[in-house]
Amino acid sequence: MPEHSDFGVCEGVVEFLEKFKTKTELISSSSKPLAHLFYREILDIDKHLCYWETKPEFCHMVDDMVKKYNRYWGKFDELNDYMYFATLLDPTMKQQLVSHGFKKMLEYNMSSESPLSDDALNAMVREMLKEVVNRMGVLFQTYKTRFDTVVSKSSSKKTKNLTILQIIISKMGLSSKMLKKKGRELHKIK
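In terms of full-length UniProt numbering, the sequence shown opens at residue 1 and continues consecutively.
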């Protein structure tokens, strides 16, 4: 016969799993493009797991879920760059969400024996963000190199209007010198 405390545990399990059900439905059942939301959802699940890890009665179940999560999403430095790019291009989030995610990841992985100062942590986050923005600049430069000649051949008159690529690059704070340098580095790799 179940005891009253057993029902409390069952309610906890349902509450824990409800987040995963909601996120799965959001991502898999939508007919709209949601690439810009993936990173936010991953961070939300990470936060959810961190919260439930503190509850002793659920630590074994949460440990198993953390292992599964880490296999796919736990290493932010190994996530597909396009997830970051989609977040950077989303006008509601831009760099703030990517920076926030990097900071949380670093805080979570920090050892309590050797914590970083806020200045050191923020410097690491800025460096990680700079690297993602640089890789995005390389991607844009690659597209510009490949497709810009096609556009200029097909247009009969030249305009002084900024292209979409130039607008995005200027919004990201990337200089043309940096993009040319990154483009040369990319061509050397080929």
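For glycine and all other residues, C-beta sits at the position ideal for the given N, C-alpha and C.
The structure presented is a predicted model; accordingly, all values stated were derived computationally and were not measured.
C-alpha distance - residue i paired with residue j, whole-angstrom precision
i, j, result
"D46", "L34", "19 Å"
"K19", "L121", "29 Å"
"T87", "D81", "10 Å"
"V125", "R135", "16 Å"
"M65", "P2", "26 Å"
"P115", "E107", "8 Å"
Under the three-state DSSP convention, the category residue i falls into
i, result
"S114", "coil"
"L43", "helix"
"E3", "coil"
"W73", "coil"
"M65", "helix"
"D90", "coil"
"T54", "coil"
"T159", "Reliability of the predicted coordinates at T159 is poor, the pLDDT of 48 falling under 50, and no value is obtained from them."
"N80", "coil"
Residue nearest to residue i in terms of C-alpha spacing, selected from the options
i, options, result
"V98", "K144, E78, M83", "M83"
"L49", "L139, L26, M128, W73", "W73"
"K104", "K75, T92, D90, V132", "K75"
"I42", "T54, E57, K23", "K23"
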